[in-house]
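Trainee: Protein chains in written order, with my numbering: chain V, 1 to 240; chain X, 1001 to 1225.
Virtual Cβ for every residue (Gly too), placed ideally from N, Cα, C.
(1) For residue 978 of chain X and residue 1092 of chain X, what's the separation of their Cα atoms in angstroms?
(2) Roughly how far, in whole angstroms, is the beta-carbon of residue 155 of chain V from the beta-carbon of residue 108 of chain V, given that I think they are within contact range, below 8 Å?
(3) Can you pull the chain V neighbours of residue 1056 of chain X, defined as C-beta to C-beta under 7 Å?
(4) Assign residue 1004 of chain X to one of two classes, buried (16 or more other C-beta atoms within 10 Å of its C-beta) or exposed (fewer than that).
(5) Along the chain, which unbroken stretches of the beta strand (DSSP E) at least 3 residues long are found entirely within the region 158-238 of chain V?
(6) Let me make sure I understand the geometry here. Which of X:1145, X:1177, X:1212, X:1197 has the alpha-carbon closest to that of residue 35 of chain V?
(7) So residue 1148 of chain X and residue 1180 of chain X are in contact, right, with Cβ under 8 Å, and what is the actual spacing, rounded?
(8) May I have the straight-line CA-CA distance separating residue 228 of chain V from residue 1073 of chain X, to the nearest angstrom?
(9) Note down, in chain order, all residues in the region 1115-1127 of chain X with a beta-carbon under 9 Å from any beta-carbon belonging to chain B.
(10) What does residue 244 of chain V pair with, by DSSP beta-bridge criteria?
(11) For residue 59 of chain V, does the count of other Cβ atoms within 10 angstroms reach 16, so buried, or fall short, so exposed?
(12) Going straight from the alpha carbon of residue 179 of chain V to that of residue 82 of chain V, what length do you get?
(13) Over what stretch of residues does the alpha helix (DSSP H) that includes residue 1189 of chain X continue unbroken?
(14) Hey, quick one: how far does the alpha helix (DSSP H) through residue 274 of chain V stretch, first residue to last?
(15) In the DSSP assignment, find the unbroken beta strand (DSSP E) run with residue 43 of chain V in it and report its ends.
(16) Name, in chain order, the residues that DSSP records as bridge partners for residue 1072 of chain X.
(17) Could you spell out the range, first to last residue, of the alpha helix (DSSP H) harbouring residue 92 of chain V?
(18) Counting only runs of 3+ residues fully inside the region 1117-1181 of chain X, write out the beta strand (DSSP E) ranges in chain order.
(19) Could you tell me the distance, in whole angstroms, from the CA atom of residue 1184 of chain X to the CA atom of residue 1143 of chain X?
(20) Please list, in chain order, the chain X residues whose beta carbon lies closer than 9 Å to that of residue 68 of chain V.
(21) Using DSSP with H/G/I as helix, E/B as strand and the rest coil, what is residue 1013 of chain X?
(22) Select from the region 1071-1086 of chain X all residues with a C-beta closer than 7 Å to any C-beta belonging to chain V, and list them in chain order.
(23) For chain X, check one thing: does any of its Cβ atoms lie closer than 8 Å to the Cβ of residue 154 of chain V?
(24) Buried or exposed: residue 19 of chain V, going by 16 or more other Cβ atoms within 10 Å of its Cβ?
(25) Taking only beta-carbon atoms, is residue 1010 of chain X less than 8 Å away from chain V?
(26) Whose C-alpha, out of V:127, V:226, V:47, is nearest the C-alpha of residue 188 of chain V?
(27) Does the beta carbon of residue 179 of chain V sit closer than 8 Å to a beta carbon anywhere in chain X?
(28) If we count Cβ pairs, one from each stretch, closer than 8 Å, do we get three or more for the region 165-182 of chain V versus the region 123-140 of chain V?
(29) To the nearest angstrom, how far is the alpha carbon of residue 951 of chain X from that of residue 140 of chain V?
(30) On the premise that residue 121 of chain V lies in contact with residue 111 of chain V, defined as a C-beta separation below 8 Å, what is that separation, rounded to the nearest angstrom?
(31) Can you give me the Cβ contacts of residue 208 of chain V inside the same chain, cut-off strictly under 8 Å, excluding the 5 residues immediately before and after it?
(32) Return the residues of the region 88-113 of chain V that lie within a Cβ-Cβ distance of less than 9 Å from chain X, sorted by chain order.
(33) Rounding to the nearest angstrom, what Cα-Cα distance links residue 62 of chain V and residue 117 of chain V in this structure?
(34) Indicate whether at least one CB of chain V lies closer than 8 Å to the CB of residue 1060 of chain X.
(35) How would you label residue 1078 of chain X, buried or exposed, when you count the other beta carbons within 10 angstroms and need 16 or more for buried?
(36) What three-state label does DSSP hand residue 1063 of chain X in the structure shown?
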């Protein structure tokens, strides 16, 4: 893929055949980890991510907040998750992602309901293919709802960006690597509040508006997938 | 508490029409509108409206009778795991024994299970448990299983009919803690049947006519023998 890469073909489609405002297929499953309070598994395109949620008293004791819970997300990539082996353990990038995910989830969880507690969100990326941070957020909020932690809304994440001079939704690996800009964003769909927004690359204000519009339009579909995933665990029981 | 028959499922952030009812558990207010906090079902009573979550951590409530597991031993108190994010404490004065400070392991050691009542719980979810009540005791022999705390009412059943059905059909002694810990004692084979039955109730807690189906299940088991 070195050198001159044409990210948008002549007929306006992208390399993987998607149109500019089309997301990759998403599949979410809940209750994948028996021992966790809540869990979820997401397949977003070629991304494969497992999330496990635990609620407990914050430890050590001086880290407890007397009036609210703290959220600790830990984003971790498996050594085999990327093409070239990832050196295991936290690094600059994963620590940043853990931080922004913790903060995004904190604004969705009703923290005052669980004083002194800690909501641990363990995110294990098994396979990475661009957009893992927003896929992680999307799966994490499902796992947290599965754990029965009080929430204001289910957080929905998506990316948009500029590739081949055109604004496109949900960047693929090649578009992320060789494109001009990447804008991950997470929203609380009910109020439209933005809980995560990062920009990597250069876009004009008009292009940025186009990107956010594309993301907000895609939120409805992703939100539906999240709800269906939660429902699926109980629909067997309702089948009677 | 009498609930009318409703089975409307809501997700976090879904708007709840409260009409003339008062919102109670699992509902938050934003701009004088009401929204769900949980993934669960709406339960409408005569005066209140609640969201009953499908899953939620156990939060200590005064007068709940729970099963606890001794986790840690201090000079005058035991730390007790009550299947909750928050640990509970048992002070030596709240036991039926005359315990000397520093000599706690003679009575209860780490790993022991106890049937206790929550005597104190405060706004930061600190709680104390007490063994000074009828029926409260150390649970010897038997085994303890765990179910999701919101499923406990279904395992007990209306007026305790579900649990008494399991008890009589399997000939076991069972104590259901409000926190989701369940103690079962009896012949090993019977205990296993009881555990399977309880897990079945937990799995199918949302369905209607479960008690009848459980009696049929036991009939079938007996027929097979």
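Mentor: Straight from the coordinates:
(1) Only positions 1001 to 1225 of chain X appear in the structure, and residue 978 of chain X is not among them; the question remains open.
(2) About 5 Å separates the two Cβ atoms, so the contact holds.
(3) 148, listed in chain order.
(4) Only weak support exists for where residue 1004 of chain X lies, its pLDDT of 40 falling under 50; the coordinates are left without a value.
(5) 166-169, 181-188, 193-197
(6) X:1145
(7) 6 Å
(8) 45 Å
(9) Looking for chain B here will not work: the only protein chains present are V and X.
(10) No information on residue 244 of chain V is available, as it lies outside the stretch 1 to 240 that chain V covers here.
(11) It is exposed - the Cβ of residue 59 of chain V has fewer than 16 other Cβ atoms within 10 Å.
(12) 19 Å
(13) 1188-1203
(14) Nothing in the structure corresponds to residue 274 of chain V, since chain V is present only between 1 and 240.
(15) 38-44
(16) According to DSSP, which records beta bridges pairwise, residue 1072 of chain X is partnered with X:1079.
(17) In this chain, the alpha helix (DSSP H) harbouring residue 92 of chain V covers 92-106.
(18) 1127-1130, 1137-1139, 1143-1146, 1173-1176
(19) 5 Å
(20) The premise fails here: residue 68 of chain V is roughly 10 Å from chain X at the closest Cβ pair, so nothing lies under 9 Å.
(21) coil
(22) 1085, 1086
(23) So yes, residue 154 of chain V belongs to the interface.
(24) exposed
(25) No, residue 1010 of chain X does not count as interfacial toward chain V.
(26) V:226
(27) no
(28) Yes, the region 165-182 of chain V touches the region 123-140 of chain V.
(29) Look at the range of chain X in this structure, 1001 to 1225, and you will see that residue 951 of chain X is not part of it.
(30) Wrong, their Cβ atoms sit about 14 Å apart, outside the cutoff.
(31) 183, 199
(32) 108, 110, 113
(33) If you draw a straight line from the Cα of residue 62 of chain V to the Cα of residue 117 of chain V, it is about 12 Å long.
(34) no
(35) buried
(36) Coil.
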